[in-house]
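In my numbering, the protein residues as written are 59 to 890. In what follows, a single structure is set out as structure tokens and then discussed.
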């Protein structure tokens, strides 16, 4: 086991972002692997920075890890550089924290959150040494469990999964875990275990269905188990139905949504006809403001984040939004915690909400008209008036927002050239407020993809050629000093459409595209569209056929998945769309009989009580500004953190510690913590220097103990010294390095190096290659066993790195220098 960890450490020392692969983040739950009944690894099939932002995986981790008899770890898709090293070194894909081979786990939960991560699922299983196809797995292999939003149509990836949870997994994941745990104890055969899993409501076992095709066209999916014809999605009646501690994991690396996320409500009944989430997450269930403030208190105390995001499909529709925001700011404003509302609907904002959001900092203002004309917005059931859009933009701009984001789709059913012109006209209007200069308007456009279980699931998707034509027209028109235009890559939308409406024949396409190098297709810079086209050609698949319109009278590959919303309702909504008729929100009008509710436990659950407890803000009585010099060490796995990542760990630790912090002024207030020098990634140090400013005088020992309690293992404060802003960050210009070598070096080579007056080395700094002079910076260099003792002169600017000195000794590139470990230090007496 130690050998695997050690080998993996050597590999991540050579990859671009090693902090993605460290594990052991703050709030991780650790238990002895061998002493638990069930070993579970939750896998998100995309990079760490995306997966760590996904609240669904986090919730399941918190639920499962709160059970004492479960061992729970996570894993995220490797970037291409790590994958290449794993394959070269013949090392299996490992879990994140325990660094265990995935084959050692009993249950592997690999989510399917969006269509373009299909090859990542294959890649992870392949790297782990687990048979990619479920039919090839034996009793010795883990159960591979799926779930997530994209399993609304699981068929393209169905062959890779043993079982899939349809719908909300908070309850179902525990039921699955108990069944697998019992089966492992009794050594139950795999076929019997799959049968037991199929008995759990909401669990889909793909091998119990057989697809039928005629002349290359999907005909039906035949159930092989009597009474197991449809899988009805799981729904939790209340978001707090399954209790779990709200102590989110604190990432090492910067992630896509680097903030504390709190789900204020789930589900939306606005009924946008293109929106799959509208069907997948009905009905609406809201948390009370009291509960949300409790979660904010618990989450911020546990994480130290300086921003909270209130998550919902439509946060502006939350019943008690004004009261919640006012109460939140009253409690957390003194601590400089910002608030983000990522999904605001035009018409849901008022002056109070806008004024409250901007109090700490303006975290971005986004509106999603989706279509450029009121006619087309009526077709998609997004009944937004242009005057409401303009009024909302006016309020935001006058409140101080200088940038406005607008989201549109092209290719919506019945779209005409006039609708495209409407996008341009509306965007240009919003650059001027009341006839004067207005905000910078950033227009983002994606291609409409017809999704399963929506009113538009039978519609055609734009061809790739037509998508490019419309985007090029918009590019030409959306230009100007206060306009910026961004678009979703057409090839990615094309693939998304294929998988959204695909069937099981696509499994072979995924496997072959993976062989040809397809990975990480959700990243525009990584998507290799040519691999998909080559694979499709080789298999004789016409991908354009998947984008064609579907006959409502013919079966669809996903009709065995019952999300609750009926086909009859969807067809009625489709007819209303083509007649340009809108449908009301059932929260505020009569029931539309969509089929989602049973009106017993499953029904709209709104927060009717908007009262909140008396808020007592934590206000620190400022006594002045007090600077402290911190001497800290950065060792172990923390050596793989960049300086920015170290800074964030300090910021969050200081917040968790409850220190009376002094904050910077301006747009984004930050704790006043500064660092003397940036330590290169991969280098350890026994004595680095930082400065901390507080608004209240505290004993140095109290500061040291408070920070060390919250800092992650590998970062530790060794000494706290009262200082002044000018002196706090001073460091000696001589740094000592102990370098453990992977290869021996002769005394003769060292003496030859020291005898030279000039040693030049070609290195890469940033994106540029340059030649640097090494020798003048080396004050002393000697060998002691397999270690080099190096003293470098380190001026305030410039200088050389320890690995560059070794590279010069071996006449190689710094990345090829045979180094096992570098430890830096300053003599402590020079730091005090």
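Glycine is no exception: its CB is placed at the ideal position from the N, C-alpha and C atoms. Note that this is a predicted model, so its numbers are computed, not measured.
Measuring CB to CB, does residue i end up less than 8 Å from residue j?
| i | j | result |
| --- | --- | --- |
| residue 466 | residue 432 | no |
| residue 85 | residue 305 | yes |
| residue 462 | residue 447 | no |
| residue 773 | residue 707 | yes |
| residue 577 | residue 584 | yes |
| residue 504 | residue 551 | yes |
| residue 162 | residue 65 | no |
| residue 441 | residue 640 | yes |
| residue 260 | residue 290 | yes |
| residue 575 | residue 622 | no |
| residue 220 | residue 192 | yes |
| residue 137 | residue 160 | no |
| residue 327 | residue 340 | yes |
| residue 214 | residue 564 | yes |
| residue 915 | residue 572 | Examination of residue 915 is not possible in this model, given that the chain is present from 59 through 890 alone. |
| residue 437 | residue 672 | no |
| residue 395 | residue 369 | no |
| residue 558 | residue 508 | yes |
| residue 129 | residue 98 | yes |
| residue 75 | residue 314 | no |
| residue 451 | residue 412 | no |
| residue 252 | residue 237 | no |
Measure the beta-carbon distance from residue i to residue j and round it to whole angstroms, keeping in mind my assumption that it falls under 8 Å.
| i | j | result |
| --- | --- | --- |
| residue 127 | residue 155 | About 18 Å separates the two Cβ atoms, so there is no contact after all. |
| residue 848 | residue 779 | Actually they do not touch by this definition, with Cβ atoms about 27 Å apart. |
| residue 217 | residue 264 | 7 Å |
| residue 308 | residue 710 | 6 Å |
| residue 683 | residue 747 | Not quite, the Cβ-Cβ distance comes to about 19 Å (not below 8 Å), so this is no contact. |
Between residue i and the rest of its own chain, which residues show a CB-CB distance below 7 Å, the 5 nearest in sequence each way excluded?
| i | result |
| --- | --- |
| residue 208 | 170, 171, 172, 173 |
| residue 567 | 593, 594, 597, 599 |
| residue 59 | Its pLDDT being 48, under 50, residue 59 is placed unreliably in this model, and the coordinates cannot settle the point. |
| residue 610 | 516, 629 |
| residue 406 | 374, 375 |
| residue 282 | 266, 267, 268 |
| residue 871 | 865 |
Mind checking who residue i pairs with in its DSSP beta bridge?
| i | result |
| --- | --- |
| residue 97 | 129 |
| residue 367 | 319, 398 |
| residue 729 | 721 |
| residue 500 | 463, 542 |
| residue 69 | Answer is none; residue 69 lacks a bridge partner. |
| residue 424 | 463 |
| residue 620 | 290 |
| residue 688 | 748, 778 |
| residue 344 | 323 |
| residue 529 | Paired residues: none, contrary to the question. |
| residue 881 | 742, 796 |
| residue 102 | 134 |
| residue 490 | 495 |
| residue 663 | 343 |
| residue 505 | 468 |
| residue 84 | 308 |
For residue i, I'd like the list of residues in its chain whose CB is within less than 6 Å of its CB, leaving aside the five on either flank, ordered along the chain.
| i | result |
| --- | --- |
| residue 744 | 691, 883 |
| residue 631 | 331, 513 |
| residue 68 | none |
| residue 616 | 211, 510 |
| residue 79 | 70 |
| residue 758 | 778 |
| residue 502 | 465, 544 |
Kindly examine the ligand ATP and report whether one of its heavy atoms sits closer than 7 Å to the Cβ of residue i.
| i | result |
| --- | --- |
| residue 141 | The model on display carries no ligand, and the ligand ATP is accordingly not part of it. |
Considering only residues of the same chain and omitting the five flanking positions on each side of residue i, which have a CB-CB separation below 8 Å?
| i | result |
| --- | --- |
| residue 570 | 593, 596, 597 |
| residue 896 | The shown model of the chain, from 59 to 890, leaves out residue 896, and the question about it has no answer. |
| residue 670 | 347, 348, 351, 381, 382, 385 |
| residue 841 | 803, 805, 808, 847 |
| residue 857 | 835, 850, 851 |
Entirely enclosed alpha helix (DSSP H) segments - the region 783-858, minimum 4 residues:
805-813
Continuous alpha helix (DSSP H) assignments of at least 4 residues falling wholly in the region 141-225
For the region 141-225, whole alpha helix (DSSP H) runs of length 4 or above, ordered along the chain, are 176-186.
Go through the region 250-336 residue by residue and report every complete run of the beta strand (DSSP E) that reaches 3 residues or more, in order.
267-272, 275-281, 318-321
What runs of the alpha helix (DSSP H), each 4 residues or longer, lie entirely inside the region 732-774?
758-768
If you scan the region 543-626 from start to end, which runs of the alpha helix (DSSP H) of 4 or more residues do you find wholly inside it?
548-558, 564-573, 587-597, all fully within the region 543-626.
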